[in-house]
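Peer 1: Sequential numbering from 11 applies to the sequence shown in our numbering.
Cβ atoms here follow ideal geometry from the backbone N, Cα and C, with glycine treated the same way.
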Amino acid sequence: VLSLISVASAQQVLCATCVPCYTCGPQRDPVTWAQWGEWGPCTNTGGYTAQTRVRSCSALSCDTGLSTEARACTINRDPPATVAPPQWSQWGAWGQCSASCGGGVQQRQRTCIMNACNVCTCQGPSTEQQPCNSSPCCTWTAWSPWSECSATCGSGGYRSRTRQCSCYTGCTGPTSEQETCTASMACPVCDTCYQPPVTPQPCYTCYNPCLTCGYYGKKKRAIAMAKLRGVGPQIPSNQTSIVRRKRMLGFIPQ
Numbered sequence: 011v012l013s014l015i016s017v018a019s020a021q022q023v024l025c026a027t028c029v030p031c032y033t034c035g036p037q038r039d040p041v042t043w044a045q046w047g048e049w050g051p052c053t054n055t056g057g058y059t060a061q062t063r064v065r066s067c068s069a070l071s072c073d074t075g076l077s078t079e080a081r082a083c084t085i086n087r088d089p090p091a092t093v094a095p096p097q098w099s100q101w102g103a104w105g106q107c108s109a110s111c112g113g114g115v116q117q118r119q120r121t122c123i124m125n126a127c128n129v130c131t132c133q134g135p136s137t138e139q140q141p142c143n144s145s146p147c148c149t150w151t152a153w154s155p156w157s158e159c160s161a162t163c164g165s166g167g168y169r170s171r172t173r174q175c176s177c178y179t180g181c182t183g184p185t186s187e188q189e190t191c192t193a194s195m196a197c198p199v200c201d202t203c204y205q206p207p208v209t210p211q212p213c214y215t216c217y218n219p220c221l222t223c224g225y226y227g228k229k230k231r232a233i234a235m236a237k238l239r240g241v242g243p244q245i246p247s248n249q250t251s252i253v254r255r256k257r258m259l260g261f262i263p264q
């Protein structure tokens, strides 16, 4: 049965069956967005770094939704590459020992090498030290007493003393020293050369030059008696007795 349904202010629709009549606007396709594309590269705009992605509309026009969206580059970014920590350099050579003997200390150093972030916080000391030259130092013994003066009387002599090193080598300085000295006894002062009071006969007695200082501090001449066999007269007996007496008194050497 055909029937005509009238609705106020509405379009009349002829229905073959009992189908209600609706008020309809213009026919439009449904709004459909395509899938989002991949995120683009990070760009710096006005001091802010961001990346964007886009999508397309599958209909003629899309009234709802956005075709582009952005995000800060810190979102879902790959983790930053690992930065190596700062490293120590190799140890340098050992420095000079603080003592030549008896135990000293020497040092060596190393340097902290900064990493890519200009950070220098190496763990551990930058200097180390060790003992050195622990052998005992060489020392001199005390000086020995002075020796006797080489002069028997008066000045002009010398005396010496010695010392020893506690090790085979290593001591600096002399092992002995000497100085001038004066004997404890003064030398006797000699008179002028002794002249015998009796002038001997010529050709029989001759005087030698003055000898060294005698025991009693007198310089003496030696009288040499000459008895030539077959030449000249014999020595008178009185002259011989004079010589003998002078020898007994010490005026003439034996």
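1) Taking just the CA atoms, how far does G183 sit from N143?
2) If you reduce the DSSP assignment to three classes, tell me which class Q100 lands in.
3) Assuming R173 and T151 form a contact by the criterion Cβ under 8 angstroms, report the distance between their Cβ atoms to the nearest whole angstrom.
4) Across the region 161 to 175 and the region 131 to 139, are there enough close Cβ pairs to call them in contact, namely three or more that are closer than 8 angstroms?
5) Can the beta-carbon of A196 be found less than 8 angstroms from the beta-carbon of C147?
6) Under a Cβ-count criterion, where at least 16 other Cβ atoms within 10 Å of its own Cβ denotes burial, should C177 be classed as buried or exposed?
7) For Y58, does the three-state DSSP call read helix, strand or coil?
8) When you compare the CB positions of P96 and M124, do they come within less than 8 angstroms of one another, or not?
9) In the structure shown, what three-state DSSP assignment does C191 receive?
10) With a threshold of 16 other CB atoms inside 10 Å of the CB of C130, please say whether the residue is buried or exposed.
11) Nearest-angstrom Cα distance between T59 and T42?
12) Do G134 and R118 have their beta-carbon atoms positioned less than 8 angstroms apart in this structure?
13) Along the beta strand (DSSP E) that carries C142, what are the first and last residues, could you check?
14) Provide the residue span of the beta strand (DSSP E) that contains S170, from first to last.
15) Write down the C-beta distance between T62 and A44 rounded to the nearest angstrom, noting that I regard them as a contact closer than 8 angstroms.
16) Given this structure, state the Cα-to-Cα distance separating S165 from S157, to the nearest angstrom.
17) Over what stretch of residues does the beta strand (DSSP E) that includes E79 continue unbroken?
18) Give the single residue among D73, S77, N54, G112 whose Cα lies nearest to the Cα of E7.
19) Quick check on DSSP: helix, strand or coil for T149?
20) Residue range of the beta strand (DSSP E) that Q106 falls in?
21) Taking DSSP as the reference, what is the three-state secondary structure of R65?
Peer 2: Judging by the given coordinates:
1) Going from the Cα of N143 to the Cα of G183 covers about 22 angstroms.
2) The answer is coil: DSSP assigns Q100 none of H, G, I, E or B.
3) Confirmed, Cβ separation roughly 5 angstroms.
4) No contact exists between the region 161 to 175 and the region 131 to 139.
5) No.
6) Under this definition C177 is an exposed residue.
7) Here Y58 sits in strand by DSSP.
8) Between P96 and M124, the C-beta gap is smaller than 8 angstroms, which places the two residues in contact.
9) C191: strand per DSSP, three-state reduction.
10) It counts as exposed.
11) One C-alpha to the other measures close to 31 angstroms.
12) Not in contact: R118 and G134 (Cβ atoms no closer than 8 angstroms).
13) 137 to 142 is the span of the beta strand (DSSP E), which, as asked, contains C142.
14) S170 -> beta strand (DSSP E) spans 167 to 172.
15) Distance from T62 to A44 at the Cβ level is roughly 16 angstroms; contact not present, criterion being Cβ atoms closer than 8 angstroms.
16) Cα-Cα distance, rounded: 15 angstroms.
17) That run of the beta strand (DSSP E) goes 78 to 82.
18) Nothing can be reported for residue 7, as the shown portion of the chain is limited to 11 through 264.
19) The answer is coil: DSSP assigns T149 none of H, G, I, E or B.
20) From DSSP, Q106 is part of no beta strand (DSSP E); its letter is neither H nor E.
21) Here R65 sits in coil by DSSP.
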